[in-house]
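A short write-up of the structure that comes next.
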Amino acid sequence: MTEEAPQGVDPHIPNAARMYDYFLGGKDNFKADRDLGDMVLSVLPEVRDGTRENRAMIGRLVRYLCEQGITQFLDLGSGLPAQENVHEVALRHAPEARVVYVDNDPVVAVHGRALLADPDRVAMVLADMRRPEEVLSDPEVRGLLDFDRPVAVLMMFVLHLVPEEDDPQRFVAAYRDALAPGSYLAISHVTNDVATERVMQVSDFYRKANAAFTPRSGGEIGAFFGDFELIPPGLVNGPGPHGWPFDPDHPLPIDEDFARMAYAGVGRKP
Ligand SMILES: C[S@@+](CC[C@H](N)C(=O)[O-])C[C@H]1O[C@@H](n2cnc3c(N)ncnc32)[C@H](O)[C@@H]1O
């Protein structure tokens, strides 16, 4: 990204999506994002590997879901385009796949739309996942996804950007309720079960950004799945070589602590 910001975007306010892009080694970020990103890395250097692990996990996850016969994906809090985006993996494994990306960041929407060349299969919707009624009735969402059939809803590294006062358990339940049997919900989420002090210090840093940062306990993260059946190995520490799904062929060297600083799981609607 040039240092010139698109209209309506203040480059001086650090932004969670662009900081994540910085951690991934991307170019879609401004100085303010990099400065706060460096503060985070000074306390939690494992974040760099961890974000890459999360992306690698998304690739494995989408492939797994395609193997289960899923062809419809709703990726909430999809982030700036990176390597191995959901639609690229999905279309490789299921050529009939449909993918809708949803993000509430206008910069993500602009970059996402520039990347997507096939409106019959893939859409980028600018919307707030905290309003499931709006997301689920959006014409582009309805146009591409058939909710009478199984859909995989992805919430990867996004719910920890939603504070408790926005009642994430309520809106996540609304997505679960809207899905047909055989649908999936996948979540990766930072926890403060370990390294609590350092993770909470990062949480303070994020207050300066455009989003709150709310790590949660394994119990709180598990509750997002409601009555969905967790696919083995269940809610596990991840991303990382111990993450979901375990991939013995590609364990990246990752700090044990970071591997335990997040949980990931996949649930299936009975
Ligand atoms: C850390 S990035 C994760 C991107 C991607 N899901 C991944 O795991 O690689 C989180 C993304 O969620 C988006 N986001 C945060 N709050 C959101 C909300 N309420 N509705 C939609 N998107 C949101 C941010 O703009 C950002 O792009």
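At position 56 of the sequence shown the residue is numbered 57 (the working numbering), and the sequence of numbers has no breaks. Note that CB positions come from ideal geometry on N, CA and C, so glycine has one too.
Collapsing the DSSP output to three states places Ser204 in a helix. Secondary structure remark: continuous beta strand (DSSP E) runs of at least 3 residues inside the segment 154-202, in chain order: 185-191.
Going by DSSP, Ala57 is part of the alpha helix (DSSP H) stretching over Val48 to Glu68.
Contact between the segment 137-152 and the segment 108-118 is absent: fewer than three C-beta pairs spanning the two stretches fall below 8 Å.
Put simply, the segment 204-222 touches the segment 155-173. At least three CB pairs are less than 8 Å apart. Residue range Gln73 to Leu77 is occupied by the beta strand (DSSP E) that includes Asp76. Relative to ligand 1, the beta carbon of Asp168 is positioned no closer than 6 Å to any heavy atom. In this structure, Ser204 is the residue among Arg35, Ser184, Pro182 and Ser204 with its C-alpha nearest to the C-alpha of Thr192. A straight-line Cα-Cα distance of about 32 Å links Gln84 and Pro271. Our two residues, Pro182 and Ala118, have alpha carbons roughly 31 Å apart in a direct line.
The shortest CA-to-CA distance from Gln170 to any of Leu75, Gly9 and Met130 is the one to Met130.
Sequence-distant partners of Arg49 (beyond 5 residues in either direction) whose C-beta falls short of 7 Å from its own C-beta, in its chain, are Phe24 and Leu42. In terms of Cβ geometry, Ala153 and Tyr185 form a close pair [threshold 7 Å]. Straight through space, the alpha carbons of Phe229 and Arg269 are spaced by roughly 5 Å. In this structure, the C-beta of Asp104 approaches ligand 1 to less than 6 Å from one of its heavy atoms.
Shortest Cα-Cα distance from Tyr65 to any of Ala18, Ala175 and Pro233 involves Pro233.
In this structure, the CA atom of Met262 is about 31 Å from the CA atom of Thr72.
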